[in-house]
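Numbering (the numbering used here), first residue to last: 12 to 102. All residues carry an ideal CB built from backbone N, CA and C; glycine is no exception.
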Amino acid sequence: MKSSHLIPALVIFLLAGCTNYQIVADPKDEDYLSYDHPYTDEALAETLANARKICGQRKQVPIQTSNVCNMKTCATNYQCMDPKDVQKYGY
């Protein structure tokens, strides 16, 4: 393997360990985002920031639809919605 191919692969591998969450659903075609993350406020904040980024690319906002935790991990879900629908339905 060329060293020019090895460096980007190494950077991606190292950066993958920097997040405290794993996105479970594929956000490309769906408005529903699902995250598995540790049971910490920091990890929950990271999932919200990521949901805002993904929904923002569509000019939508994330609405948290569920958050289920045990003593170690959580599953948090968001729905991307149009801002007018958020006001209409009172979220």
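In three-state terms, what does DSSP make of Asp52? helix
Quick one: Cα of Lys13 to Cα of Thr30, how far? Its pLDDT being 48, under 50, Lys13 is placed unreliably in this model, and the value from its coordinates should be taken loosely. Near 28 Å, if we compare the C-alpha coordinates of Thr30 and Lys13.
With DSSP as the reference, please indicate the residues paired to Ala62 in a beta bridge. For Ala62, which the question treats as bridged, DSSP gives no partner whatsoever.
Reference Lys70; option with closest CA among Ser77, Asn81 and Ala62: Ala62
Hey, would you say Tyr102 sits closer than 7 Å to Ile74, going by beta carbons? yes
Apply the 10 Å Cβ neighbour rule to Thr58 and answer buried if 16 or more other Cβ atoms are within range, or exposed otherwise. Around the beta-carbon of Thr58, 16 or more other beta-carbon atoms lie within 10 Å, marking it buried.
Could you tell me if Thr87 is buried or exposed, where buried requires 16 or more neighbouring beta carbons within 10 angstroms of its beta carbon? buried
Taking C-beta to C-beta, are Tyr50 and Cys80 nearer than 7 Å? yes
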